[in-house]
Every structure is written in structure tokens, then in C-alpha cells.
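K.L.:
This is the structure I want to talk about, given as C-alpha cells.
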Ligand SMILES: C[S@@+](CC[C@H](N)C(=O)[O-])C[C@H]1O[C@@H](n2cnc3c(N)ncnc32)[C@H](O)[C@@H]1O
């Protein structure tokens, strides 16, 4: 798998930056983009309720979105906290950073690398990474990133990790730009950094082990049919949101 700096240079600051006018399959006007947005939002809301049930007060919480990209998740978090001033983003691609700043002028978005996190003025109660860790090819980089996140959290702080699910993150082709994780790999990397796994929520599904439900809308499936297929047909998780917690002080 390619290194993350190469992917950022070639993809996010490269072909994506050069093709800003072209419609993207992940844009909100595309059927797949809209479906992914809706499912991600739902998964986030489910996780947010769980954390609230464990005592997190979203109206006081500070939240950082690591690898925030163009800022899709920043919008949800700002709604939930009710105060964009307690939300920040960190992003390494300059093109994506500028897009996030344009979309959310009231939210601080800093340039930064997940492997060498810029220090926060105040600790964040919640750190999240949505389809970002998938870009780190080696176990050493993943351990460094997740240990850094764990170290930055206060006791009792939360880490939300969303990524695609795959058989093995480390078995990829050299030209792959990212790869998912097995549920065991999510758990091992998070707990190896001293975090406690609270739950892993399956989100998208490989329907009949073959079709990732997130991409069925662009094959002409209406959203209701995709949801029915996810609920009724067998298959395996295609993506998961894993909630980790730094153990509270005794
Ligand atoms: C698939 S996009 C996801 C963006 C965003 N999290 C979302 O869900 O819309 C992956 C993002 O991670 C960023 N990224 C990759 N490696 C990074 C790193 N080491 N530090 C900071 N950002 C990184 C990329 O530049 C890109 O914006």
C-alpha cells in the first residue's frame, strides 16, 4: 500500500485539487454520496447517544476531528455540541484544509499530521478519525498514531474510529491508496494503545458478501431498497464505527 504522504500528494492535493469542478461520487448531489452521508450521520448519532449514556455532556465537550477532510463530520459535531468554538479539525492536505475552512469559517481547522499531533490549548474530550487511519500502511505508524491520540485524551476521554472493514489491513497491493481493517485489528490497535473497546457498530454491509451497500445507490437502487437489503439479506460488515475509551481515573 502507498504511504499516506504519497496518497495526499497524488490524490487529495493532486488529482482531487485539479478537478474541483468535476462532480464527485461522494458529493451530496450524488446518490452514493448522499447515502453514505446519511448512514455516517446515523452511526455517529448512535455512538453519541452511547457516550452520553456513559456521562459525556455534549454541551460541554471539546471535540477534534483528525483528518477532517473537507469537514463533513465537523458539521454534525458542531450541531451536537451547539458551539463550533469547542470543535476543531486537523488535516494534512492543504487542498482539503482550505475546503474545510471555506465550509466552516467558525470552526478552527489546523494543518497537522496524525502521526505528530499539534498540541491542543485544552485537551479534547472526544477525538475522532473517519476513514483516515486506513491510509497508514504499517503497524508501526498505526500504533504511533493511536498512541498519540490516546495520550492526548484526558482520563475517561473517547476515541471514535470509523473505517472500512477488510480481511487484513496489511495484505494489499503496492498501488492501493488505503485499506480497511478486520474487527480484530481495530480492537488490537486500539487496546494496544491503552484504550478500552466499548463497542463496534457495523455500518455499511457487503450484501450477499459481494456488494458494498454504500455503493448500491449509484447502481440505481433507491435508498429504501438498500436499507431493506442491509436489514434482510445476509453478508458481512463493510464498515464499522468502533468506540474506544481511555480508562477513567479510579
Ligand atoms: C477518505 S478522507 C476522509 C475525510 C473525512 N474524515 C471524512 O470523513 O469526510 C481521508 C482524509 O485523511 C487525511 N489524512 C490522511 N492521512 C493523514 C494524516 N497522517 N494526518 C492528517 N490527515 C490525514 C487526508 O488528507 C484526507 O483528507
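In our numbering, the protein residues as written are 8 to 257.
Using N, Cα and C, we set each Cβ at its ideal position, and we do this for glycine too.
(1) Is the distance from the Cβ of residue 203 to the Cβ of residue 234 below 8 Å?
(2) What residue range does the alpha helix (DSSP H) around residue 47 cover?
(3) Can you check whether the CB of residue 160 is closer than 8 Å to the CB of residue 149?
(4) Could you tell me whether the Cβ atoms of residue 122 and residue 101 are closer together than 8 Å?
(5) From residue 55 to residue 157, what does the alpha carbon distance come to, in whole angstroms?
(6) Do residue 98 and residue 113 come within 8 Å of each other at the CB atom, strictly closer than that value?
(7) Can you check which of these residues, 217, 124, 224 and 194, is closest to residue 207 by C-alpha distance?
(8) As a quick exercise: from 192, 138, 164 and 146, pick the residue whose alpha carbon is nearest that of residue 170.
(9) What is the residue span of the alpha helix (DSSP H) that residue 169 lies within?
(10) Ligand 1 and residue 256: does any heavy atom of the ligand fall closer than 7 Å to the residue's C-beta?
P.N.:
Result, derived from the coordinates:
(1) Cβ distance not < 8 Å, so residue 203 and residue 234 don't count as in contact.
(2) First-last of the alpha helix (DSSP H) with residue 47: 38-60.
(3) Judged by beta-carbon spacing, residue 160 lies beyond the 8 Å limit of residue 149, meaning their Cβ atoms are not closer than that value.
(4) Against a cut-off of 8 Å, the Cβ pair of residue 101 and residue 122 comes out as no contact.
(5) So the two alpha carbons sit approximately 19 Å from each other.
(6) The answer is no: Cβ separation not under 8 Å.
(7) Nearest option by C-alpha distance: 194.
(8) The residue with the shortest Cα to Cα distance from residue 170 is 138.
(9) DSSP places residue 169 in no alpha helix (DSSP H) but in the uninterrupted beta strand (DSSP E) bounded by 165-171.
(10) No - ligand 1 has no heavy atom lying nearer than 7 Å to the Cβ of residue 256.
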